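J.: Under this note's numbering, the first residue of the sequence shown carries the number 1, and numbering increases by one thereafter.
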Amino acid sequence: MKLGCSSWSYHAAFSAGRIDLREWLRICAEDLELDGVELVDLHFPTTDPVYLRDIKKLCTDLQLTISGIAVSNDFGPDDQRMRETTKVRQWCDIAAYLGAPVVRVFAGWRPAAAAAPEPGVIVGLFRKVFGQRQPNQRRVWSDVTWSLRQCADYAAERGVVLALQNNRTDGLVGTPAQIEQCVRDVGSPWLRVCLDPGDFLDRTGVESSLSRVVQVHARMRDVTDDGRDTRIHWPELLGMLKLGHYRGFVLVDYEGAEDPLTAVPRAVRYLRGLLHLLARQQLLQSAAPQSTSENGATRAAPASTEAGEPHAAIASR
Numbered sequence: 001m002k003l004g005c006s007s008w009s010y011h012a013a014f015s016a017g018r019i020d021l022r023e024w025l026r027i028c029a030e031d032l033e034l035d036g037v038e039l040v041d042l043h044f045p046t047t048d049p050v051y052l053r054d055i056k057k058l059c060t061d062l063q064l065t066i067s068g069i070a071v072s073n074d075f076g077p078d079d080q081r082m083r084e085t086t087k088v089r090q091w092c093d094i095a096a097y098l099g100a101p102v103v104r105v106f107a108g109w110r111p112a113a114a115a116a117p118e119p120g121v122i123v124g125l126f127r128k129v130f131g132q133r134q135p136n137q138r139r140v141w142s143d144v145t146w147s148l149r150q151c152a153d154y155a156a157e158r159g160v161v162l163a164l165q166n167n168r169t170d171g172l173v174g175t176p177a178q179i180e181q182c183v184r185d186v187g188s189p190w191l192r193v194c195l196d197p198g199d200f201l202d203r204t205g206v207e208s209s210l211s212r213v214v215q216v217h218a219r220m221r222d223v224t225d226d227g228r229d230t231r232i233h234w235p236e237l238l239g240m241l242k243l244g245h246y247r248g249f250v251l252v253d254y255e256g257a258e259d260p261l262t263a264v265p266r267a268v269r270y271l272r273g274l275l276h277l278l279a280r281q282q283l284l285q286s287a288a289p290q291s292t293s294e295n296g297a298t299r300a301a302p303a304s305t306e307a308g309e310p311h312a313a314i315a316s317r
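#1: Between the C-alpha atoms of residue 270 and residue 60, what's the straight-line distance to the nearest angstrom?
#2: Using the Cα positions of residue 280 and residue 239, report the straight-line distance between them to the nearest angstrom.
#3: Rounded to whole angstroms, what is the Cα-Cα separation between residue 236 and residue 21?
#4: Rounded to the nearest angstrom, how far is the Cβ of residue 163 from that of residue 68, given a contact under 8 Å?
#5: Under a three-way DSSP split, which group does residue 15 fall into?
#6: Expressed to the nearest angstrom, what Euclidean distance is found between the alpha-carbon atoms of residue 49 and residue 264?
#7: I'd like to check one pair, residue 187 with residue 110: are the Cβ atoms closer than 9 Å?
#8: On the CB-based measure, 16 or more other CB atoms within 10 Å of its CB, does residue 267 come out buried or exposed?
#9: Just how far apart, CA to CA, sit residue 42 and residue 284?
#10: Need the endpoints of the alpha helix (DSSP H) that residue 219 sits in, please.
#11: Between residue 215 and residue 102, is the Cβ-Cβ spacing less than 9 Å?
#12: On the three-state DSSP scale, how would you describe residue 109?
#13: So, at 7 Å on beta carbons, what are the nonlocal neighbours of residue 247 in its own chain, with the 5 sequence-adjacent residues on each side left out?
#14: If you draw a straight line from the C-alpha of residue 37 to the C-alpha of residue 225, how long is it?
#15: Quick check on the DSSP output: the beta strand (DSSP E) that includes residue 165 runs from which residue to which?
#16: By the three-class DSSP mapping on this structure, what secondary structure does residue 65 have?
#17: What does residue 249 pair with, by DSSP beta-bridge criteria?
#18: Looking only at C-alpha atoms, which of 167, 207, 252, 147 sits nearest to residue 77?
#19: Any idea if residue 287 is buried or exposed, counting beta-carbon neighbours within 10 angstroms, 16 or more meaning buried?
#20: Do you know whose CA, among 205, 199, 4, lies nearest residue 66's CA?
#21: Going straight from the alpha carbon of residue 108 to that of residue 200, what length do you get?
#22: For residue 91, which residues of its own chain have a beta-carbon under 7 Å away from its beta-carbon, when the five flanking residues on both sides are left out?
#23: For residue 220, count neighbouring C-beta atoms within 10 Å of its own C-beta (all shown protein chains included) and say buried if the count is 16 or more, exposed if not.
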């Protein structure tokens with residue numbers, strides 16, 4: 001696995017005018033020594049071709065991989081669906097030019113007053129969002145998946161993959177069942193999943209999504225002095241990703257109240273340490289004596305779990 005950062009982690013600093021995209025890229029490369037970056041659409045001051053060319057050149061000079069572009073779209077409201085579809089297509093063009101293989105998208109957002117949906121129940125979700133107007137629930141879902149299908153078809157033409165991110169808090173697609181149903185209903189091999197495992201309540205949700213994942217967000221809010229997140233048990237989550245043969249980017253996605261300029265470096269150090277430990281355990285396992293199973297197959301002895309971390313639940317104890 002490779003370690004990167006989403007520019008959303010520094011959204012507060014961007015919004016306050018304390019940094020710009022060029023400065024942030026230098027922070028990621030020179031201070032944090034990351035492998036790659038996810039660029040959020042909101043943090044581009046312009047999409048002028050000259051500016052995009054300069055950003056592409058800077059990432060090359062800094063030896064930073066652009067893991068993807070993150071688009072802040074919403075396919076939910078009727079009055080903006082076509083505009084949002086056009087926006088995603090435009091960012092597919094930009095991603096293709098920048099050499100980014102992934103465009104992160106959302107399905108849409110629920111009204112702020114709507115209660116949290118029941119896990120994995122699409123009908124329950126729309127009843128909570130749109131009241132008892134049952135005829136509308138299928139139409140809204142159909143419209144959202146239609147938009148995703150249009151964008152996925154265009155992404156295929158541009159040679160980039162759409163990655164649908166789950167958001168349990170206020171997204172139209174948040175639970176593992178909703179993610180699975182949405183991807184299945186769209187029916188395009190160019191629509192995959194950007195996994196935010198911190199939004200799933202147990203390991204089952206992560207495991208059920210792994211086969212479709214092309215990008216992972218390490219969402220962190222309450223970062224301790226040693227870089228841990230008080231809400232999420234990252235040793236287990238990264239171990240599950242490793243067991244699922246995930247080899248892509250793990251992108252720090254910080255959303256806490258602390259200044260990102262001080263919180264994100266701690267989170268990066270912590271996650272890097274965990275990834276190094278996983279890599280070392282894999283080396284130990286590959287070097288371990290081979291034993292023979294009853295059917296004659298060989299297998300390595302299990303590696304030591306030096307971290308001493310439990311593997312029972314995602315939420316931190």
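Glycine included, every Cβ here is placed at the ideal spot set by N, Cα and C. None of these values were measured; they are calculated from a predicted model.
T.: Reading it off the structure:
#1: Straight-line Cα distance between these residues: approximately 26 Å.
#2: Between residue 280 and residue 239, the C-alpha separation is close to 12 Å.
#3: Roughly 33 Å between the two C-alpha positions.
#4: Taking the Cβ atoms as the reference, residue 163 lies roughly 7 Å from residue 68, within the contact range of under 8 Å.
#5: Residue 15: helix per DSSP, three-state reduction.
#6: Those two C-alpha atoms are separated by around 30 Å.
#7: Taking the C-beta atoms as reference points, residue 187 is found no nearer than 9 Å to residue 110.
#8: When all chains shown are included, residue 267 counts as buried.
#9: Going from the Cα of residue 42 to the Cα of residue 284 covers about 43 Å.
#10: No alpha helix (DSSP H) contains residue 219, which is instead part of the beta strand (DSSP E) from 213-220.
#11: Yes, the pair counts as a contact, with Cβ atoms nearer than the cut-off.
#12: Residue state, collapsed to three classes: strand.
#13: Around residue 247: 1.
#14: Roughly 24 Å between the two C-alpha positions.
#15: Under the DSSP assignment, residue 165 falls in the beta strand (DSSP E) whose first and last residues are 161-165.
#16: In this structure, residue 65 counts as strand in the three-state DSSP scheme.
#17: Per the DSSP secondary-structure output, residue 249 pairs in a beta bridge with 2.
#18: Just measuring C-alpha positions, the residue of 167, 207, 252, 147 sitting nearest residue 77 is 147.
#19: Residue burial is scored here from C-beta neighbours: residue 287 has fewer than 16 other C-beta atoms within 10 angstroms and is therefore classed as exposed.
#20: Its Cα nearest to that of residue 66, the residue 4 stands out among 205, 199, 4.
#21: Taking the CA atoms as reference points, residue 108 sits about 18 Å from residue 200.
#22: Apart from sequence neighbours up to five positions away, the residues of its chain that approach residue 91 with a beta-carbon distance below 7 Å are 41, 69, 71, 103, ordered along the chain.
#23: It is buried - the Cβ of residue 220 has at least 16 other Cβ atoms within 10 Å.
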